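Enquirer: For the sequence shown, the numbering used here assigns the number 153 to the last residue and increments by one with no breaks. Cβ atoms here follow ideal geometry from the backbone N, Cα and C, with glycine treated the same way. Being a predicted model, the structure only gives us computed values, none of them experimental. Take this structure first; my questions come after.
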Amino acid sequence: MNNSETSRRGLQRARRWYQSAIRALDDERWDDVIYSYEMAIEQALKAILILYGIEYPKKHDISNILIHLKQKDLPVFFSDNLDFYAKLLNNLVDKRGPAAYGYIEGISKENFKEDAFILKDDIENVLEACERVLDEFSRKKN
Numbered sequence: 012m013n014n015s016e017t018s019r020r021g022l023q024r025a026r027r028w029y030q031s032a033i034r035a036l037d038d039e040r041w042d043d044v045i046y047s048y049e050m051a052i053e054q055a056l057k058a059i060l061i062l063y064g065i066e067y068p069k070k071h072d073i074s075n076i077l078i079h080l081k082q083k084d085l086p087v088f089f090s091d092n093l094d095f096y097a098k099l100l101n102n103l104v105d106k107r108g109p110a111a112y113g114y115i116e117g118i119s120k121e122n123f124k125e126d127a128f129i130l131k132d133d134i135e136n137v138l139e140a141c142e143r144v145l146d147e148f149s150r151k152k153n
């Protein structure tokens with residue numbers, strides 16, 4: 012299997028995580044929204060790393076690895092936003108644990124409500140940008 016196929020499958024997985032987030036948003040499960048947002052952006056960005064043949068550690072926060080993409084021939088619309096994507100991922104990784112296990116510390120799902128709405132467009136934009144990178148990469152290869 013080549014990098015483009017693996018990347019496409021990774022982006023499809025990211026989209027499914029995003030769909031889970033939207034369903035959780037509709038159900039007012041704010042903590043699940045945040046958890047799913049994190050997984051969606053993580054999967055999408057890992058798909059781009061795969062596309063460009065960049066190894067990454069098997070952990071959630073790969074924000075520091077994204078800098079390696081700056082050395083690649085990326086579309087400007089993506090490279091200009093890499094720092095933002097890294098910060099967004101890092102922010103969501105920090106929220107992921109409390110979103111998943113907040114009940115242990117007495118953190119309510121309500122603590123995540125504002126972020127569930129504020130971050131929605133950012134996550135959608137990252138997914139669309141990653142899909143666009145893959146499309147442009149595939150066109151260049153053909």
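#1: Starting from the N-terminal side, write out each stretch of the alpha helix (DSSP H) that is 4 residues or longer and does not extend beyond the segment 110-139.
#2: Which residues in the same chain as A97 place their Cβ atom closer than 6 Å to its Cβ, once the five residues preceding and following it in sequence are excluded?
#3: From what residue to what residue does the alpha helix (DSSP H) around K57 run?
#4: Check whether the Cβ atoms of I134 and A51 sit closer than 8 Å, and answer yes or no.
#5: For Y67, which three-state DSSP category applies?
#6: Whole angstroms is fine: what's the gap from I118's alpha carbon to S47's?
#7: Alpha carbon to alpha carbon, how far is K57 from K106?
#8: Have a look at N122 and A25 and give me their C-alpha separation to the nearest angstrom.
#9: Quick check on E39: buried or exposed, where buried means 16 or more other Cβ atoms within 10 Å of its Cβ?
#10: Along the chain, where does the alpha helix (DSSP H) that runs through N14 open and close?
#11: When you compare the segment 14-28 with the segment 108-115, are there three or more beta-carbon pairs, one atom per stretch, that lie closer than 8 Å?
#12: Consult DSSP for S74 and reduce its assignment to one of helix, strand or coil.
#13: If I measure Cβ to Cβ from A21 and keep anything under 8 Å in the same chain, skipping five residues before and after, which residues do I get?
#14: Tell me the DSSP secondary structure of D91 in three-state form.
Expert: The structure says:
#1: 124-129
#2: S74, L77
#3: 41-62
#4: yes
#5: coil
#6: 17 Å
#7: 19 Å
#8: 24 Å
#9: exposed
#10: 14-37
#11: no
#12: coil
#13: The question names Ala, yet the displayed sequence has Gly at residue 21. These residues qualify, in order along the chain: Q54, A55, K57, A58, I61.
#14: coil
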